[in-house]
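With the UniProt record's numbering, the residue at position 34 of the sequence shown is 34, and numbering never jumps.
Working notes for the structure below.
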Amino acid sequence: MTQPRLILVTGASRGIGRSAALHLARQGDVVIAIARSKLALEKLDDEIRAIGSEAVLVPMDLKDTKGIETLGKVIGEKFGRLDGLVANAGILGTLGPLETCGPRSFEETIAVNLTANFHLIRALGPWLHKSDAPRTVFVTSGVARHPRAFWGPYQAAKAGLEAMVLGWADEQENLSLRANLFNPGGTRTAMRADAMPGEDPMSIPSADDVAAELVKLVSKDETRTGQLINYREVAAAH
């Protein structure tokens with residue numbers, strides 16, 4: 001009998017992360033779900049159990065770098081491997097003129113969108129290399145490559161994330177680990193509503209549709225690495 005794949009999802013309590021966790025559960029994977037809200041994680045767990053799968057719940061703020069280090073150790077002790085990482089968690093931070101952005105808001109945006117992912121790579125890398133098909137995907141944004149006014153901290157963090165992940169992917173060229181970036185584009189989530197309050201939510205794809213493509217990047221059969229996959233391009237090709 002094939003062993004279920006063990007996939008860690010950050011930002012798993014809502015939006016794209018929640019939908020990704022449910023997609024993975026439906027295909028029989030075991031999900032390690034990370035989010036700040038314990039209550040939201042428990043609701044997700046109820047849905048995953050109803051599907052007939054199981055999840056490991058980790059209520060944690062990704063600014064807690066010691067917590068990420070501990071998480072890596074626990075995964076190693078309990079499972080001895082990790083098959084996939086869906087690095088989805090992110091925050092918008094302050095949208096507005098860069099000159100009026102407070103230092104604390106800037107630093108928090110960088111911490112969640114960029115620094116936390118470095119710590120995840122560092123803590124989880126040894127256990128990903130124990131998998132026979134380790135796959136990772138990091139959620140980015142179009143503003144990383146096409147910066148625009150008022151998105152300063154967020155787009156700086158995502159640009160840094162892209163450079164870091166593509167460099168890491170290049171380091172794995174002779175190994176089995178795959179690392180890709182995924183740009184969902186505008187998606188029907190609470191975060192998008194905060195960023196674009198006047199937008200008709202029904203004019204953009206649902207989190208469920210987007211997550212269905214995202215989770216393919218942590219499947220055993222995924223061969224691409226060092227790529228930026230744009231959801232809009234994938235959807236248009238279908």
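Every residue gets a Cβ at the ideal spot worked out from N, C-alpha and C, and that includes glycine.
Test item: CB-CB of residue i and residue j under 8 Å
| i | j | result |
| --- | --- | --- |
| residue 84 | residue 5 | yes |
| residue 65 | residue 153 | no |
| residue 33 | residue 21 | yes |
| residue 87 | residue 120 | yes |
| residue 116 | residue 75 | no |
| residue 80 | residue 130 | yes |
| residue 144 | residue 159 | yes |
| residue 128 | residue 82 | yes |
| residue 183 | residue 230 | yes |
| residue 19 | residue 211 | yes |
| residue 31 | residue 50 | no |
Assumed close pair residue i, residue j - CB separation to whole angstroms, cut-off 8 Å
| i | j | result |
| --- | --- | --- |
| residue 228 | residue 181 | 4 Å |
| residue 245 | residue 178 | In the structure displayed, the chain extends from 1 to 238; residue 245 sits before or after that span and is not available. |
| residue 11 | residue 123 | Not a contact, Cβ separation roughly 17 Å. |
| residue 91 | residue 109 | 6 Å |
| residue 185 | residue 224 | About 19 Å separates the two Cβ atoms, so there is no contact after all. |
| residue 7 | residue 207 | Contact flag wrong, Cβ pair sits at about 17 Å. |
| residue 9 | residue 63 | Not a contact, Cβ separation roughly 18 Å. |
Candidates the options, of which the one nearest residue i by Cα
| i | options | result |
| --- | --- | --- |
| residue 219 | 133, 40 and 112 | 133 |
| residue 150 | 138, 131, 98 and 175 | 98 |
| residue 221 | 138, 50 and 176 | 176 |
| residue 61 | 53, 36 and 72 | 36 |
| residue 47 | 148, 59 and 13 | 13 |
| residue 57 | 237, 51 and 42 | 42 |
| residue 72 | 235, 125, 234 and 217 | 125 |
| residue 226 | 78, 118, 49 and 166 | 166 |
| residue 217 | 78, 3, 106 and 138 | 138 |
Helix, strand or coil at residue i [DSSP, three-state]
| i | result |
| --- | --- |
| residue 185 | coil |
| residue 8 | strand |
| residue 145 | coil |
| residue 211 | helix |
| residue 88 | coil |
| residue 206 | strand |
| residue 136 | strand |
| residue 113 | helix |
| residue 59 | strand |
| residue 18 | helix |
| residue 228 | strand |
| residue 26 | helix |
| residue 81 | coil |
| residue 122 | helix |
| residue 36 | coil |
Subject >> Three-pair Cβ contact test at 8 Å for the region 16 to 26 versus the region 102 to 113 >> reply: no
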